[in-house]
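Chains as they are written, first to last, in our numbering: chain A, 1 to 696; chain B, 1001 to 1451. Built from N, CA and C at the ideal position, the CB exists for glycine as well. Only a predicted model underlies this, so the values are computations on that prediction, with no experimental measurement involved.
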């Protein structure tokens, strides 16, 4: 209904476009068409009177001339409102008797008058002698009481007529004031959903509907220009950071998960397959043998808990007889299944590898086999390089010692010594040219083989004897005969002392130290501390390293006492080498381990390298470069970079840099000895295949 | 198929073509280009017979297709490419094989005679046809290096350096085929591994020598020498880290060596051949053994050592001029006066070219890599600015052109064991000897070398 009213108003507005008065008056005049004249006559005062009254009160103090003109304007307004002709008399409508305006009448409560008329005379209140009782009686007795209205302006009582009462009632009900107005007139459908076959107008489309509008273009270009100049800011895109749309349950979910950290989802039921179909393809149906097998099997072993069946239509499928059983099984599954969370430590394996420099940055180190020294016919037990680096000496089980030119792999000299050579060692003093050779023969002699200038020495249990005759021509200078089989000989760095090992578990006579210049030998130890494997002199200080089966003892030769005992944690030591700085020792063992000891740090290995697959046979340090190498029965030589720092707080840096292969496995033996070139980063290795390799 | 604008030119007058750009397919290879040139030459000269050519684009030999080469070298294909062509160097042909009794340590050849040093303690003289002429025996140990000093008429002077710490100066009369040890140069305390003779035959600078040599006798001798005319010197490098400069002129005087009387040298002295000679000068500075010396020009001696350096010495003052530092032990060096480059072979697989004159910047100009073992010998071509030959422990001798540094021109795989020495003569003969006791000679076309 209100919608309809609106439509009426819109229509009337369109019909009276010339109206220039304000909206309130305009609407009132609209209504005047709906109301009957008589109703309007009464209604308008009720609508407007207070406003006009206000105008009147303003007029009251003005001079008469201006009041007159204003009065005429007011009249014109009212005429427009009421639709009366200009000539008609307007005063009955504007019968304004009181000029005080729209003020609370209580203000005149104590005065005899109630306001002022147009002439400025007092309007006196009607004599009211009615009290509450009279009012009550009046209410009880006067049948007109309910339609009597008190006019506060004049203080008089007005009795409304029947028409007026009806009008008020209709207005209260929200109905139109005019009884005759039909508010449900049939609507004229100007724009209907029916498509007419003939156009309303046959006018061809304008040309301008086909061409771009110049004005629009101008407007757009203005806007563009303004945007470019920054006069217009493009509408800011609302920051949707939180977002108008967001996952309502996002936070809730995480909180739930937080509460149920140990939540484990129930095991899922396998999805149904073709077997379960009421009409499975024939390959899913059981053959007779399959059915027999199924029936023979224990229910727990059956692949399928049911037999697939074929039905021509779905409505012939019977009820599933195993339903209860299956539910029960599922419940058992759910509550009996082990719900245990496996706590896995998530560690990136990369993080566990220590940060080591790349081998590329640690050059130079030997990488390739450059030369092979061939000539021996037995396995080469020991090799040694002359201090100048020009010659290489090798001792072999074929009973010969060979001298090689390093740079050409030429065998310059072969000396037959008449027994397997266990060890060779070149005198480190560059001014003398001496080679000590350990020969295992029936006489068990150790000979110091000298090649060149100075005479050397020999000693037996210890017998020293000068070489003579044929032996002298061969280059032999001195023989030192030992009571037992000698296994190793080492030189002191100065070149005057040499030490030899005779491993014997039962005797304290295991180590001899010989002095070359005085042709003297002595046994430094009075007690047997275990089977001596190898020995070494300290390169600088008067220390002596003795490796027994499981530990290395360091003796101070001046004070004649043991200073340190290194625990190797290996089962059987095979070889040992002392760093040229003297503070580090490496030790290889038959259980494939290479241990690095930092003597300042601890008596336990600083590092254990387990790179070899088989027993480690030999270890060596380079004299100048930070390199060390280990030779093993698996046929490989592993070269490692080992920098030691003068700073006591910094641990040695050990990086394996290269695995060198070149020897052939012979009788389960690989590489037997390894040694470095004294000045170049080259490593020599001697193998059981009777060759010596040079890796550069 | 894209086309490339190319202009061909050559310095060989016989094969000049018109200097106009040709449009040739980008995918053409050496053989295609060679055919193009041959066609052009035939069009010009009907009597032209087919010649194989090699092509140089911006100083680099073309070994792949033209487009690939230009892409790798970063040459624009938009412009006209200048392509130089030279007659292709034909493969060296093996000529003779001279059997020795032992490993060959060194070789020195000139136009007529070949001198080889061997591990059997002798040096041998061969004719270039492979006939043995003479065996020079006298050393007590392996002969490590040999050198011709001069050859005048029938009399020749030659030097042999040995592991027995001496250098012997021999006089050889080729007519009577008699060899006589004239001098025994003593002074080194280690094996003498290398010798090099002053190629220019300068006069001894008498004043300098006079200042240095105190004894009247020696001054007199030198004066007589100077009167004689040309005076030769040679330089030797030893395992005792020293370089020594000696006079190479035979005289009848004997230098005295001050020797401790108690040293038991008696036996050796009686065996000594020739008159003792002492060094004129000793150059010390290397910290490791000297592996190779070279007399570059009249005043410069160049030495390579195991201490990873090449040092250049001024013979006049005896001071060191330049040090070139490498990263590996040097085995051998060679200097070419034509291109003024040093080539070095070291204990890795690379041959490196050095500019001995640069004081800064990259010292290594080029690395030639194809060998798989130590490079034990390098030698520049005597008459070609770009060619060198190298021998290695991988049994191969390789002929290189520095304009084609990726791969050698030819591999000579005649040897069955390590190669220790290479040499070549101006008459177009290449020689190589090694541990298989054989000295091979190869003939290569000399006229191309002159191109």
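Discussion item. So, at 6 Å on beta carbons, what are the nonlocal neighbours of residue 1137 of chain B in its own chain, with the 5 sequence-adjacent residues on each side left out?
Written reply: 1122
Worksheet item: Which residues does DSSP pair with residue 105 of chain A in a beta bridge?
Response: None, per the DSSP bridge assignment.
Discussion item. Rounding to the nearest angstrom, what Cα-Cα distance links residue 439 of chain A and residue 481 of chain A in this structure?
Written reply: 10 Å
Practice prompt. Compare the Cα-Cα distances from residue 666 of chain A to each of A/377, A/501, A/551 and A/643 and report the closest residue.
Written response: A/377
Worksheet entry | Close beta carbons around residue 1077 of chain B, own chain, < 8 Å, minus the five adjacent residues each side | 1002, 1004, 1026, 1067 and 1070
Practice prompt. Under the assumption that residue 1403 of chain B contacts residue 1115 of chain B (Cβ atoms under 8 Å), give the Cβ distance between them as a whole number of angstroms.
Written response: About 32 Å separates the two Cβ atoms, so there is no contact after all.
Worksheet item: Roughly how many angstroms lie between the CA atoms of residue 1012 of chain B and residue 1109 of chain B, to the nearest whole one?
Response: 29 Å
Worksheet item: Using a beta-carbon distance below 7 Å, is residue 386 of chain A in contact with chain B?
Response: no
Discussion item. Quick check on the DSSP output: the alpha helix (DSSP H) that includes residue 294 of chain A runs from which residue to which?
Written reply: 288 to 296
Worksheet item: What number of angstroms, rounded off, separates the C-alpha of residue 1183 of chain B from the C-alpha of residue 1247 of chain B?
Response: 10 Å
Worksheet item: Opposite residue 1411 of chain B in the DSSP bridges: which residues?
Response: B/1398
Discussion item. Tell me the DSSP secondary structure of residue 363 of chain A in three-state form.
Written reply: coil
Worksheet item: With burial defined as no fewer than 16 other Cβ atoms inside 10 Å of the residue's Cβ, what is the status of residue 1281 of chain B: buried or exposed?
Response: buried
Practice prompt. Please list the segments of the alpha helix (DSSP H) lying wholly inside the stretch 107 to 190 of chain A, counting only runs of 4 or more residues, in order along the chain.
Written response: 132 to 141 and 162 to 173
Worksheet item: Does the beta carbon of residue 1084 of chain B sit closer than 7 Å to a beta carbon anywhere in chain A?
Response: no
Worksheet item: What are the boundary residues of the beta strand (DSSP E) that residue 1116 of chain B is part of?
Response: 1113 to 1118
Worksheet item: Quick one: what's got a C-beta closer than 6 Å to residue 696 of chain A's C-beta in the same chain, skipping five residues either side?
Response: 366, 370 and 682
Worksheet item: Name the chain A residues whose beta carbon is nearer than 8 Å to that of residue 1420 of chain B?
Response: 408
Worksheet item: How long is the line joining the alpha carbons of residue 1088 of chain B and residue 1284 of chain B, rounded to whole angstroms?
Response: 46 Å
Item to complete: Quick one: using the 10 Å Cβ neighbour count with 16 as the cut-off for buried, is residue 700 of chain A buried or exposed?
Response: Lying before the first or after the last residue shown, residue 700 of chain A is absent from chain A, which here runs from 1 to 696.
Worksheet item: In chain A, which residues lie with their C-beta within 7 Å of the C-beta of residue 1153 of chain B?
Response: Correct list: empty, because the minimum Cβ distance to chain A is about 37 Å.
Worksheet item: Between the C-alpha atoms of residue 1018 of chain B and residue 1288 of chain B, what's the straight-line distance to the nearest angstrom?
Response: 58 Å
Discussion item. Can you tell me whether residue 352 of chain A is helix, strand or coil according to DSSP?
Written reply: helix
Fill in: Beta carbon proximity, residue 1061 of chain B to chain A, threshold 7 Å
no
Discussion item. On the DSSP bridge list, what partners appear for residue 545 of chain A?
Written reply: A/536 and A/554
Worksheet item: For residue 1147 of chain B, does the count of other Cβ atoms within 10 angstroms reach 16, so buried, or fall short, so exposed?
Response: buried
Worksheet item: Using DSSP with H/G/I as helix, E/B as strand and the rest coil, what is residue 1099 of chain B?
Response: strand
Fill in: Exposed unless 16 or more other CB atoms sit within 10 angstroms - verdict on residue 447 of chain A
For residue 447 of chain A, the predicted model reports a pLDDT of 46, less than 50, meaning its position is unreliable and no value from the coordinates is stated.
Practice prompt. State the DSSP-derived secondary structure class of residue 1269 of chain B, mapped to helix, strand or coil.
Written response: Caution applies to residue 1269 of chain B, whose pLDDT of 47 falls short of 50 and renders its modelled position unreliable; the model cannot decide the point.
Worksheet item: Interface residues of chain B around residue 390 of chain A at Cβ under 8 Å?
Response: 1190, 1191, 1239 and 1289
Worksheet item: Between residue 23 of chain A and the rest of its own chain, which residues show a CB-CB distance below 7 Å, the 5 nearest in sequence each way excluded?
Response: Unreliable positioning characterises residue 23 of chain A in this predicted model, as indicated by a pLDDT of 41, which lies under 50. A coordinate reading is not provided.
Item to complete: Taking residue 218 of chain A as part of the alpha helix (DSSP H), name the residues at either end of that continuous run.
Response: 214 to 229
Worksheet item: Does the beta-carbon distance from residue 1171 of chain B to residue 1250 of chain B come in below 7 Å?
Response: yes
Worksheet item: Going by other Cβ atoms of all chains shown within 10 Å of its Cβ, with 16 needed for buried, is residue 331 of chain A buried or exposed?
Response: exposed
Discussion item. Does the CB of residue 500 of chain A have a neighbour CB from chain B at under 7 Å?
Written reply: no
Worksheet item: If you draw a straight line from the alpha carbon of residue 1313 of chain B to that of residue 1014 of chain B, how long is it in whole angstroms?
Response: 44 Å
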